[in-house]
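Before any comments, here is the structure.
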Amino acid sequence: MNPQLLFDFTVDKAKQMVFITREFDADQSLVWDAFTRADILDQWTAPKPWRAKTKYMDFKVGGKRFYAMVSPEGVERWSIQEYRSITPKTHFKMYNAFADKDENPELPGSEWDYHFSEENGITKVNITIYNESLARMEKMIEMGFKEGFTMTISQLEQLLPTLKK
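Residue numbers (numbering that gives the first Met the number 0): 0 to 164.
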């Protein structure tokens with residue numbers, strides 16, 4: 000991970016929120032694509048040795064992504080995301096919940112709010128995650144959310160230069 004690039008991960012249990020800020024040495028359009036295209040998301044959103052596989056994704060307001068993190072042994076952990084608002088290249092919101100293989104969500108879930116901005120070739124992504132329950136947030140943290148997220152973001156940082164045209 001490039002130590003010159005900002006990475007901040009803050010948990011506020013009282014508000015049931017996680018605040019993440021991460022910079023990437025890549026243009027905003029490329030970083031946006033990495034967060035909104037299934038073919039790219041599947042390359043970085045599961046911490047190794049797990050892998051991500053998207054069953055379907057329709058990136059539009061009201062659209063959904065249904066995907067799994069798959070262990071080396073083939074165990075699948077499914078999630079469903081519903082896109083609530085999209086401002087191309089700068090912002091999107093989604094609702095995220097764990098799910099079973101038949102797309103039945105395991106509630107409560109969480110609301111994710113992404114903001115993208117670029118200055119001097121460095122793209123900053125601000126992510127705010129609101130968990131509908133403190134118990135869900137604590138479960139995510141217990142499951143290693145910070146460590147897993149840190150690993151996947153590092154994987155994205157390594158992937159971005161290979162995606163440049």
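Backbone N, C-alpha and C define an ideal beta-carbon position, used for all residues, glycine too.
Taking 8 Å as the cut-off, is the CB of residue i close to at least one heavy atom of the ligand NAP?
{"i": "GLU146", "result": "For the structure depicted, the ligand NAP is absent and the ligand set is empty, with no information on it obtainable."}
Buried or exposed for residue i, going by 16 or more other Cβ atoms inside 10 Å?
{"i": "GLY120", "result": "exposed"}
{"i": "TYR55", "result": "exposed"}
{"i": "ASN130", "result": "buried"}
{"i": "MET136", "result": "buried"}
{"i": "LEU5", "result": "exposed"}
{"i": "SER109", "result": "buried"}
{"i": "VAL74", "result": "exposed"}
Where does residue i fall in DSSP's three states?
{"i": "ASP41", "result": "helix"}
{"i": "TRP49", "result": "coil"}
{"i": "ASP24", "result": "coil"}
{"i": "VAL60", "result": "coil"}
{"i": "MET16", "result": "strand"}
{"i": "VAL74", "result": "coil"}
{"i": "SER116", "result": "strand"}
{"i": "PRO183", "result": "Because the chain spans 0 through 164 in this model, residue 183 falls outside it and cannot be assessed."}
{"i": "ASP173", "result": "This structure does not reach residue 173, given that the chain is present from 0 up to 164, and the question cannot be answered."}
Using alpha carbons as the reference points, say which of the options lies closest to residue i.
{"i": "GLY147", "options": "LYS14, ASN103, PRO48", "result": "PRO48"}
{"i": "LYS12", "options": "GLN157, MET139, ASN103", "result": "MET139"}
{"i": "ALA96", "options": "PHE8, ASN125, ILE79", "result": "ILE79"}
{"i": "ARG76", "options": "THR44, GLU117, SER28", "result": "THR44"}
{"i": "THR122", "options": "LYS14, THR9, VAL17, PHE34", "result": "PHE34"}
{"i": "GLN3", "options": "LEU162, GLN42, GLU156", "result": "GLU156"}
{"i": "GLU22", "options": "GLU72, ALA51, ILE126", "result": "ILE126"}
{"i": "PRO107", "options": "LYS145, GLU72, ALA134, GLY62", "result": "ALA134"}
{"i": "TYR66", "options": "ASN1, ASP41, SER84", "result": "ASP41"}
{"i": "SER70", "options": "LYS59, PRO46, GLY61", "result": "PRO46"}
{"i": "GLY61", "options": "LYS52, ILE128, VAL74, GLU81", "result": "GLU81"}
{"i": "THR89", "options": "THR161, ASP26, GLN154, LEU5", "result": "ASP26"}
{"i": "MET68", "options": "PHE58, THR53, LYS59", "result": "THR53"}
{"i": "ILE128", "options": "GLY73, TYR94, ARG83", "result": "TYR94"}
{"i": "THR86", "options": "TYR113, ALA98, LYS100", "result": "TYR113"}
What residues match up with residue i in a beta bridge as DSSP calls it?
{"i": "ASN1", "result": "For ASN1, which the question treats as bridged, DSSP gives no partner whatsoever."}
{"i": "ASN95", "result": "GLN80, SER109"}
{"i": "MET142", "result": "Answer is none; MET142 lacks a bridge partner."}
{"i": "ALA207", "result": "As displayed, the chain neither begins before 0 nor continues past 164, which places residue 207 out of reach and without an answer."}
{"i": "ASN103", "result": "None; ASN103 has no bridge partner."}
{"i": "PHE6", "result": "ARG21"}
{"i": "ILE121", "result": "GLU118"}
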